[in-house]
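Novice: Below you will find the structure I want to go over with you.
In my numbering, the protein residues as written are 1261 to 1398.
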């Protein structure tokens, strides 16, 4: 609903009480691309959940090996809670994607010692915070 109001030109918090701005505008952009219907609204969380599995694969591959990476992503994708949450229209799948990407950037920094990875991790953590306030990583 927040995204539909944003598509109508209303500004979150100024015209209506809303969720965090990054979530509202990313969801509004997604609805603008795929239409404002029930199926396209559930598509964004499902895509984010699918991408989280891939990030978990690359994270485990960077830390361990291919077998562990494959097993880790497979276990994530078949978790009952993940299967239920992946089709709900909530902020969690987007925040999980941003948080996992931030952790991947930290792992890449620890392996390469390139400071750009820390900047990327900080930006992704900030985006996660703007998608859901409880996503703050300490």
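Even for Gly, the Cβ is constructed at its ideal location relative to N, Cα and C.
Might you give, ordered along the chain, the residues of its own chain that have their beta carbon closer than 6 angstroms to the beta carbon of residue 1355, omitting 5 neighbours on each side?
Specialist: For the purposes of this step, residue 1355 is identified with residue 95 of the chain shown, where counting begins at 1. The residues are 1388, 1391, 1392, 1395.
Novice: How many Å lie between residue 1379 and residue 1385 at the Cα?
Specialist: Here the question's residue 1379 lines up with position 119 in the chain shown. Here the question's residue 1385 lines up with position 125 in the chain shown. Using only the alpha carbons, I get a separation of about 10 angstroms.
Novice: Measuring only the C-alpha atoms, how far is residue 1342 from residue 1287?
Specialist: Counted from its first residue, the chain shown places residue 1342 at position 82. Counted from its first residue, the chain shown places residue 1287 at position 27. In a straight line, the C-alpha of residue 1342 is about 20 angstroms away from that of residue 1287.
Novice: Look at the alpha carbon of residue 1368 and the alpha carbon of residue 1313, and state the distance between them as a whole number of angstroms.
Specialist: By one-based count along the chain shown, residue 1368 stands at place 108. By one-based count along the chain shown, residue 1313 stands at place 53. Their Cα atoms are separated by approximately 18 angstroms.
Novice: With DSSP as the reference, label residue 1304 as helix, strand or coil.
Specialist: Residue numbering aside, residue 1304 sits at position 44 when the chain shown is read from its first letter. Three-state result, residue 1304: helix.
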